[in-house]
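S.K.:
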Amino acid sequence: MKGYVVFLLFILFLLAPSMFASAAVLYQCGDLLDCELTIEELQIALARLGYYQPPITGKDNGATTKALKAFQKAAGLTVDGIVKAADWQKLAELTELKATQAAHKKLAPPDGEVCVVLDTFRCKLIVLNDGKPYAQFPVAIGKKDTPSPLGHWRITSKAVNWGTGFGTRWLGLNVPWGVYGIHGTNKPWSIGSMASHGCFRMFNKDVETIYPWFKHGTPVYVLGNPFSYLSGGIQKLQVGTKSAAVAYVQEKLILKGYLQGRADGLFGPATEQAVKKLQTQCDLETTGQVGYPEYKALGILFLD
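Be aware that the sequence shown starts at 0, since it is given in numbering that gives the first Met the number 0, and climbs by one per residue.
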């Protein structure tokens with residue numbers, strides 16, 4: 000029996016390289032696109048183009064390779080079932096083309112006072128002209144773990160072809176706790192979903208349309224619920240947390256006299272000490288962290 004087990008392990012050892020190779024054959028990271036692209040994204044892109052039928056599993060079940068080969072053949076690419084940089088680029092190009100060619104129409108620049116509203120509930124960017132809706136575009140927003148910055152911001156930088164992954168245009172925002180902006184993308188299949196590290200992704204054609212409409216100082220209003228980001232649950236805040244929820248808590252602490260300065264969304268030592276003062280005053284455990292009891296004490300949540 001022992002010899003039989005050893006024999007099986009030996010056979011498994013011999014087969015392992017080919018097993019791992021076949022598992023890796025589907026996906027190959029290219030030099031021109033970042034290595035965060037996944038099989039799940041591949042399935043979504045192929046599904047958007049009509050080559051793959053859901054469910055989206057993030058794993059190759061044979062159907063993904065079959066769909067990929069069909070796409071490669073139709074697109075005039077090497078039909079090998081391996082995703083390369085050229086395949087990703089063609090997927091991005093055709094996904095955006097399909098999504099924008101029907102809806103895209105030439106828009107004249109707004110002639111009044113312009114501002115931007117980003118609705119994280121509906122994944123929409125709305126351009127207001129003299130306070131009235133002028134145009135709207137789909138966007139991708141931040142994931143649950145990397146939420147988009149809610150609040151009132153301004154455009155403070157503009158750039159063309161700002162860097163890999165940011166598409167053809169960049170509109171930077173003055174968010175104090177990180178680098179956030181409105182930009183194009185090399186992942187057009189993500190538009191309309193929670194997919195980014197906090198920025199607002201647009202189809203390149205769309206961001207190219209709005210780019211000249213906005214100047215430095217254009218107001219940007221990002222709407223949403225900072226305390227339950229799209230069903231992500233109530234966030235526990237502590238030293239090191241950077242978010243719109245922190246900024247709102249800081250505003251409450253300032254109003255109640257526990258914190259001096261301004262609300263910058265950065266949970267540092269001063270905010271920690273202010274929270275401890277609140278906890279002491281309200282007879283709460285002195286942790287310096289913000290959870291349900293602290294939200295309630297600040298009047299942010301009304302809990303039983």
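Where is the CB? At the ideal position from N, CA and C, for every residue including glycine.
With H, G and I counted as helix, E and B as strand and the rest as coil, what does DSSP make of A194?
M.R.: Of the three classes helix, strand and coil, the one that applies to A194 here is strand, per DSSP.
S.K.: Our contact map puts L67 next to G80 with C-beta atoms below 8 Å; I'd like the distance itself, whole angstroms only.
M.R.: L67 to G80, Cβ: 6 Å. Contact.
S.K.: Pull up the CB-CB distance for G248 and E271, whole angstroms please, since I reckon it's below 8 Å.
M.R.: Contrary to the premise, residue 248 reads as Val rather than Gly in this sequence. Between E271 and V248 the Cβ distance is about 11 Å, and since that is not below 8 Å, they are no contact.
S.K.: Mapping the DSSP letters down to three states, classify P187 as helix, strand or coil.
M.R.: Residue state, collapsed to three classes: helix.
S.K.: The beta strand (DSSP E) with D118 in it runs from where to where?
M.R.: Segment V113 to D118, the beta strand (DSSP E) holding D118.
S.K.: Starting from the Cα of V206, find the closest Cα among I38, A158 and G130 and give me that residue.
M.R.: Comparing Cα positions, the closest option is A158.
S.K.: Have a look at the DSSP bridge pairing and note the partners of S156.
M.R.: Paired residue(s): G171.
S.K.: Return the CA-CA distance between F65 and R47, expressed in angstroms with no decimal places.
M.R.: Note on identity: in this sequence residue 65 is Lys, with Phe being the wrong assignment. Spanning the two alpha carbons is a distance of roughly 15 Å.
S.K.: Give a yes or no on whether the C-beta atoms belonging to L124 and M201 are separated by under 8 Å.
M.R.: Yes; because the gap between Cβ atoms is below 8 Å, this pair is in contact.
S.K.: Residue range of the beta strand (DSSP E) that P132 falls in?
M.R.: Note, P132: beta strand (DSSP E), K131 to P137.
S.K.: Would you say H182 and W169 are within 8 Å of each other, going by their C-beta atoms?
M.R.: Yes, Cβ-Cβ distance for H182 and W169 is below 8 Å.
S.K.: Have a look at A73 and K97 and give me their C-alpha separation to the nearest angstrom.
M.R.: A73 and K97: Cα-Cα distance of roughly 15 Å.
S.K.: Determine, using beta-carbon pairs with one atom in the region 76–91 and one in the region 169–178, whether at least three such pairs fall under 8 Å.
M.R.: Verdict: no, contact absent.
S.K.: May I have the straight-line CA-CA distance separating A62 from K105, to the nearest angstrom?
M.R.: Looking at the two C-alpha atoms, the distance is approximately 39 Å.
S.K.: Of all the options K186, S147, T155 and D144, which has the alpha carbon lying nearest to the alpha carbon of A163?
M.R.: A quick correction: the sequence has Thr, not Ala, at residue 163. The shortest Cα separation from T163 among K186, S147, T155 and D144 belongs to K186.
S.K.: Hey, L246 and L236: beta-carbon distance below 8 Å or not?
M.R.: Per the sequence shown, the amino acid found at residue 246 is Ala instead of Leu. Their beta carbons are not under 8 Å apart, which means A246 does not touch L236 by this criterion.
S.K.: Are the Cβ atoms of N128 and G166 separated by less than 8 Å?
M.R.: The answer is no: Cβ separation not under 8 Å.
S.K.: Does the distance from the CB of Y220 to the CB of V113 come in under 8 Å?
M.R.: No, the pair does not count as a contact, with Cβ atoms beyond the cut-off.
S.K.: Do A139 and G197 have their C-beta atoms within less than 8 Å of each other?
M.R.: Contact: no.
S.K.: With distances taken from CA atoms, which of Q42, S147 and T208 is nearest P109?
M.R.: The shortest Cα separation from P109 among Q42, S147 and T208 belongs to T208.
S.K.: Over the uninterrupted beta strand (DSSP E) stretch that includes R220, give me the two end residues.
M.R.: Here the sequence assigns Tyr to residue 220, which means Arg is not the residue at that position. It spans P218 to L222 - the beta strand (DSSP E) in which Y220 sits, taken as one unbroken run.
S.K.: Express the C-alpha separation of E293 and P137 in angstroms, rounding to a whole number.
M.R.: Taking the straight line from one Cα to the other gives about 36 Å.
S.K.: Less than 8 Å between the CB atoms is what I'm expecting for H215 and I299, so what's the real figure, rounded?
M.R.: Not really, about 33 Å apart at Cβ, beyond 8 Å.
S.K.: Quick one, which of S147, Y210 and P132 has its alpha-carbon nearest W161's?
M.R.: For W161, the nearest C-alpha among the options comes from Y210.
S.K.: If you count every other CB in all the chains shown that lies within 10 Å of the CB of K131, and 16 or more means buried, which is it?
M.R.: Looking at its Cβ environment, which holds fewer than 16 other Cβ atoms inside 10 Å, K131 is exposed.
S.K.: N128 lies in the alpha helix (DSSP H); which residues open and close that run?
M.R.: Premise fails: N128 lies in the beta strand (DSSP E), K123 to N128, not in any alpha helix (DSSP H).
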